[in-house]
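Report on one structure; see the data block that follows.
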Amino acid sequence: MGGRDALARLQAYLDFDHARTPHFAGDSGAGRHGIAGLGVGLGFGVHLGLAAALLVDFAFGFGADAPLWFGLRKGPLLQWAAYVCLLCAFHALEWYVTAAYRPAQLGYKSWIINHSEAYTAAMLASTAEFWLEYLLLPQGVSPKGFVMLSIVASGVCVASMRIRVLGMTTCGSNFDHIVMAGRKKSDHELVTHGVYARLRHPAYFGWFYWSIFGQVLLGNPICTLGFAAASRKFFADRIPYEEENLARFYGDRYVDYAARTPIGIPFVRGFVPRVRGLGPKPEPEPNPDPNLNPKDD
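For the sequence shown, this note's numbering assigns the number 886 to the initial residue and increments by one for each residue that follows.
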């Protein structure tokens, strides 16, 4: 119970629940944006500097002769620095896309730093696993430091984030972090071009693979499996709910679009494959065989 209470208190601080001054009390307060931007910027800058120093060290050939850097193994440190840079870029891009395409909806929540208690717990678990395995397990046993695996994982992370951002920017003003439910917004349009012609939910697709391969980059085997299961469960619940609303708003137009466009997330089925005929129904064509169309008496 103590751990759950501590998580709730941390989440309350991330949500600025205790703030009273105007610049911090409101979701759009300048204070909240300032703290979030400062934290993301510092995290990115410090870890980019660490990654650059490590890469210079490797480039001049010190890696083989001096595997330790201030008493720490350099390979896993580079993994950590790369991951934190990508994580900070992820949060900054979430805020930027909202600012650029939905400025009226821009708020502290657009950084999604305070996404949910589950997200906060996942980040804490990821950090704990990395450092515990890094500091406590010997080099031959620790899953850290596999260079080629880290390079591949970094590439997948960048590609996944690009697909997510491309999905959000293609959607433009139609994109929102909150699922549209109940009633269709008057200015909302169904987007089926660009990346949406290949993926039904590119933003979800990108998040799913970024969350998993971020843990592969860190060499976190436990969190890799945990993030995969949690992300699949999250989208298995969210996608059918979203598609149910879209099918009601757009009828067979959305159903037909979904039928030809994959989700791309393993073991996640949408609402649409189970439901058809929500839109206007066409008139049945007359049977050309008069014997099968008896006249009414």
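The beta carbon of each residue, even a glycine, is placed where N, CA and C say it ideally should be.
query                                                                                                                                                                           : result
Start and end of the alpha helix (DSSP H) containing Gly888?                                                                                                                    : Gly887 to Leu899
Tell me, please, whether the region 886-901 touches the region 998-1017 by the rule of three or more beta-carbon pairs shorter than 8 Å.                                        : yes
Give me, in chain order, the residues of the same chain whose beta-carbon lies closer than 7 Å to that of Val1032; leave out the 5 immediate sequence neighbours on both sides. : Gly960
If you run the structure through DSSP and keep just helix, strand and coil, what is Leu1131?                                                                                    : helix
Around the Cβ of Lys994, are there at least 16 other Cβ atoms within 10 angstroms (buried) or fewer (exposed)?                                                                  : buried
With distances taken between CB atoms, is the gap from Leu1075 to Tyr1139 smaller than 9 Å?                                                                                     : yes
Taking the Cβ atom as the reference point for each residue, do Tyr1094 and Cys1042 lie within a distance shorter than 9 Å?                                                      : yes
Taking the alpha helix (DSSP H) that His1000 belongs to, which residues open and close that run?                                                                                : That residue, His1000, is in no alpha helix (DSSP H); it is neither H nor E in DSSP.
Whose C-alpha, out of Ala989, Ala1143, His918 and Phe1134, is nearest the C-alpha of His1078?                                                                                   : Ala1143
Verify whether the separation of the beta carbon atoms of Leu978 and Ser913 is less than 9 Å.                                                                                   : no
Name the two residues that bound the continuous alpha helix (DSSP H) containing Leu1051.                                                                                        : Val1032 to Cys1056
I need the DSSP call for Leu978, collapsed to helix, strand or coil.                                                                                                            : helix
Spatial neighbours of Tyr1019 within its chain, please: C-beta separation below 6 Å, excluding the five flanking residues on both sides.                                        : Pro961 and Lys1029
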